[in-house]
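Chemist: Okay, handing you the structure first.
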DNA sequence: AATGAATGAGTTTTCATTCAT
DNA sequence: AATGAATGAAAACTCATTCAT
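Residue numbers (this note's numbering), protein chains in the order written: chain D, 1433 to 1643; chain R, 1433 to 1643; chain X, 1433 to 1643; chain Y, 1433 to 1643.
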């Protein structure tokens, strides 16, 4: 991205840019229609470029995916700012943000998988994207916690993963929508409100409470 | 032709059974090491049998998977009965059952995926298995609901999917254990306690489009 | 699988015969529906017998085929005798016989192939069957030739192969029926009538390379 | 390889072309030796290229076959023009054309089968090839019909199928050459000569005289 | 006689990625 | 920069036939 200033010749840059954009357009359509596991070759062909060209721009599937998501980043950021501006209730704001994230993670069939992987692999081009949203989530979360609208033991990362998991349950073609909603509701009960007292299995008999 | 009962009637079967068992052993190991997407041919080779033999016993990956899970079924059933016997608190019993299910669904890397798919496909050999556990979950759930330990609007299927989703988050090698625990806890807050109409995002007045 | 009921011990011969007949029935149906290239295993399964049983009775596909055709042999022989009895005109008799043969060779999709192979291989169980019909054809042919109704240079084998070729053209599901009829008509012009004088390509003096 | 004519403008193409040609050479040899049902993988291996390379050039067996035949197309067209030029007798010309076609259809063992299939399937790469030759046959045929050297009821398609059928009879290694010749001769009697409504078996209630 | 398990080579096809031009 | 050819390992599944029981 950073401009290498120079600009000695004129078209190479323009041409490449045009190609890049076109590939992204085609990939967006292709992934939307066939899920993210479709063949990259098919995308190159559909875009009318050689496979090499595609790989020059996006060295692997995750890179392509990351670029596509980056294109949606703007929307998500707009939405984030909108929520911040318009939602005074910090807990409601967090809920709305998670909702927006959920829609983002459902953009393509199969998307949650590489996103989750990116969260732990960290070498993926998707990792950065995810980290950014985890941070955003953390911000919303902290605000809600400050206001007593979210439990203190919850972490942004957990919520982000929860959103991914819900998107994963929805699966292809929004199957199991009702279960996804139920999960969302359950999760909300889990982070909303003051510190819980519920005894979890792993804590066994009487958990110490972390007021 | 069956009953010659009496004497040593089943030699051919013994051989096949031995093979079957051996294949299962090998598959168990292979799936544990390489995840469930590993090549079936590789398993056959590793088991020292022809590919045809494997396919005779297990016509496809799901069938093999189902057989492997069936081997664990006994454990799970034992655990279920144990919980029933020993845990008087129905909500705690449900929690423990979900915990056991969670461990079951984490047996192999990638397992949650076909399990979720089976839940909606219904033609898979895994479908039956899943349905059984959904039913078990429903039983635990109903008991808890009767006792006021679980909210009435929750369904067994939702909990089962929640467990799968949590197992999915854990991913390979228990990668995100802490987040998985957090999710489990959140989910518990969601189903535990008396009825309460959780305010979901969609109730928020200003966001019309996400019913 | 059907009823193997009865007392198991005493009827080796009867039992085997029953099996054989049943396999033939099933094979007939199977070949009729799926063509002769279908898997023999499938037939065994459909007949409810082990693959070994099928192979004991019919060591290979051609043997099974030959047995099936033998079952139809009776019909064909009846037809032959009928023609002999009822058709005074020897040329017309030959035509009718070829017609009957044509229907016989169209019994199963793909049948002409092994029949032709059998004609040259001679080790096939089908060879005998074919030879028999070639002989029959020869008889009809000689009669016609004696009466001047068929050209002297034609051989029964040629006519038999011509019938097979026509059946082959018809192919699956009687496709290209009109062409098959056209071929039959052309062939008839070829054998009917007195010795021809037509100069054939191969007689042509100027074309040296196509002997 | 060979002609580096003019400026060496097409390197990438040259490479591919070389490969393509080489694959065709090998396929030609392989099909000649093992019939057209031989394994494509084996051809790739024998050509020293990856299976993918073969499939890039020829997506399926029919495409490969079509390419091989196209290589022979030139010869056939040359022969066609030669016949047109040199054979004044239109019926003899047709006969010679059918003869040439017959040799073309005998190029590989098993070739007639896909050719016949292509005639009715029409989606195969072979279909075009066949259609072209049917058209050519029609032209020769019409000329002969105009001159009274061929019967008016015959169609080019029938003759083409007749040629295929004859090639089919010949089978592997020109097995039944004499019968194939006999068939050819019979067919010729069928199309040659002036119009005559051939009486087919089914029409013949009691055939009059053959004196 | 019957069974049906085992064999294992064999076929088609796909794809991510590299690399020569 | 772009191209698109080449790679070649995989993967899934089939089937005729044999053979131990």
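Note that CB positions come from ideal geometry on N, CA and C, so glycine has one too.
Please state the DSSP three-state secondary structure of residue 1495 of chain R.
Modeler: Note: residue 1495 of chain R maps to helix in three-state DSSP.
Chemist: Do the CB positions of residue 1548 of chain R and residue 1615 of chain R come within less than 8 Å of each other?
Modeler: No, Cβ-Cβ distance for residue 1548 of chain R and residue 1615 of chain R is not below 8 Å.
Chemist: When DSSP labels each residue in this structure, what does residue 1537 of chain X get in the three-state scheme?
Modeler: Note: residue 1537 of chain X maps to coil in three-state DSSP.
Chemist: Taking CB distances under 8 Å as the criterion, tell me whether residue 1618 of chain Y reaches chain X.
Modeler: Chain X contact via Cβ: present.
Chemist: Taking the alpha carbon of residue 1524 of chain X as the point to measure from, which residue in X:1475, X:1464, X:1580 has its own alpha carbon closest?
Modeler: Taking only the C-alpha atoms, the option nearest residue 1524 of chain X is X:1580.
Chemist: Shortest alpha-carbon distance to residue 1536 of chain R belongs to which of R:1454, R:1498, R:1556?
Modeler: Of the candidates R:1454, R:1498, R:1556, the one whose C-alpha sits nearest the C-alpha of residue 1536 of chain R is R:1498.
Chemist: Applying the criterion that 16 or more other CB atoms from any shown protein chain within 10 Å of the CB defines a buried residue, is residue 1519 of chain X buried or exposed?
Modeler: Counting Cβ neighbours within 10 Å, residue 1519 of chain X comes out buried, since at least 16 surround it.
Chemist: Give the secondary structure of residue 1582 of chain X by DSSP, where H, G and I count as helix, E and B as strand, and everything else as coil.
Modeler: DSSP places residue 1582 of chain X in strand when its eight states are reduced to three.
Chemist: Suppose the cutoff is 8 Å on Cβ atoms and the five residues either side in sequence are ignored; what does the same chain contact list for residue 1608 of chain X look like?
Modeler: The residues are 1601, 1602.
Chemist: Measure the alpha-carbon distance for residue 1624 of chain R versus residue 1577 of chain D and round it to whole angstroms.
Modeler: Using only the alpha carbons, I get a separation of about 22 Å.
Chemist: Apart from the five residues on each side of it in sequence, which residues of its chain come closer than 7 Å, Cβ to Cβ, to residue 1620 of chain R?
Modeler: Cβ within range, chain order: 1527.
Chemist: For the alpha helix (DSSP H) that residue 1469 of chain X lies in, which residues bound it at each end?
Modeler: Unbroken run through residue 1469 of chain X: none, as it is neither H nor E.
Chemist: Is any beta-carbon of chain Y found at less than 8 Å from that of residue 1595 of chain X?
Modeler: No, its Cβ sits nowhere closer than 8 Å to a Cβ of chain Y.
Chemist: Contact between the stretch 1540-1555 of chain D and the stretch 1465-1482 of chain D: three or more CB pairs below 8 Å?
Modeler: With the cut-off at 8 Å, the stretch 1540-1555 of chain D and the stretch 1465-1482 of chain D touch.
Chemist: With residue 1529 of chain X and residue 1572 of chain X assumed to form a contact (beta carbons below 8 Å), what rounded beta-carbon distance in angstroms separates them?
Modeler: 5 Å between Cβ atoms; contact.
Chemist: Residue 1612 of chain Y by DSSP, collapsed to three states: which one?
Modeler: Helix, per DSSP.
Chemist: Can you find a CB in chain D that lies within less than 8 Å of the CB of residue 1608 of chain R?
Modeler: Cβ-Cβ to chain D under 8 Å: yes for residue 1608 of chain R.
Chemist: Give me the subset of the stretch 1537-1570 of chain R whose CB atoms are less than 9 Å from a CB atom of chain D, sorted by chain position.
Modeler: So the list reads 1544, 1545, 1548, 1549, 1551, 1552, given in the order they occur along the chain.
Chemist: Going by DSSP, what residue range makes up the alpha helix (DSSP H) through residue 1596 of chain D?
Modeler: 1588-1602 is the extent of the alpha helix (DSSP H) around residue 1596 of chain D.
Chemist: Taking the straight line between their C-alpha atoms, what separation do you get for residue 1560 of chain X and residue 1554 of chain X?
Modeler: Each residue's alpha carbon lies about 8 Å from the other.
Chemist: So, does the CB of residue 1525 of chain Y fall closer than 8 Å to a CB anywhere in chain X?
Modeler: False, the Cβ-Cβ gap to chain X never drops below 8 Å.
Chemist: So if DSSP puts residue 1624 of chain X in a beta bridge, which residue, or which two residues, is it bridged to?
Modeler: In DSSP, residue 1624 of chain X forms a bridge with X:1582.
Chemist: Per DSSP, what kind of secondary structure is residue 1522 of chain R in: helix, strand or coil?
Modeler: Three-state DSSP puts residue 1522 of chain R in a helix.
Chemist: Quick one: grab the DSSP three-state call for residue 1482 of chain D.
Modeler: Three-state DSSP puts residue 1482 of chain D in coil, outside helix and strand.
Chemist: Short check: CB of residue 1568 of chain D to CB of residue 1512 of chain D, under 8 Å?
Modeler: Cβ distance < 8 Å, so residue 1568 of chain D and residue 1512 of chain D count as in contact.
Chemist: Identify whether residue 1554 of chain R lies in helix, strand or coil by the three-state DSSP scheme.
Modeler: DSSP places residue 1554 of chain R in coil when its eight states are reduced to three.
Chemist: Return no unless some Cβ of chain D is closer than 8 Å to the Cβ of residue 1459 of chain R.
Modeler: Residue 1459 of chain R does not count as touching chain D.
Chemist: Counting pairs of beta carbons, one from the stretch 1502-1511 of chain X and one from the stretch 1470-1489 of chain X, are three or more of them closer than 8 Å?
Modeler: Output reads no: the stretch 1470-1489 of chain X does not touch the stretch 1502-1511 of chain X.
Chemist: Does the beta carbon of residue 1498 of chain D come closer than 8 Å to any beta carbon on chain R?
Modeler: No, residue 1498 of chain D does not count as interfacial toward chain R.
Chemist: Between residue 1522 of chain Y and chain X, is any beta-carbon pair separated by less than 8 Å?
Modeler: Not one chain X Cβ lies under 8 Å of residue 1522 of chain Y.
Chemist: Answer with buried or exposed for residue 1522 of chain Y, where buried requires no fewer than 16 other C-beta atoms within 10 angstroms of its C-beta.
Modeler: Per the 10 Å Cβ criterion, buried.
Chemist: Which of helix, strand or coil does DSSP assign to residue 1448 of chain Y?
Modeler: Correct three-state label for residue 1448 of chain Y: helix.
Chemist: Roughly how far, in whole angstroms, is the beta-carbon of residue 1566 of chain X from the beta-carbon of residue 1589 of chain X, given that I think they are within contact range, below 8 Å?
Modeler: Between residue 1589 of chain X and residue 1566 of chain X the Cβ distance is about 5 Å, and since that is below 8 Å, they are a contact.
Chemist: Taking just the CA atoms, how far does residue 1461 of chain R sit from residue 1612 of chain R?
Modeler: Each residue's alpha carbon lies about 24 Å from the other.
Chemist: For residue 1449 of chain Y, tell me which candidate among Y:1471, Y:1486, Y:1463 has the shortest Cα-Cα distance.
Modeler: The shortest C-alpha separation from residue 1449 of chain Y is found at Y:1486.
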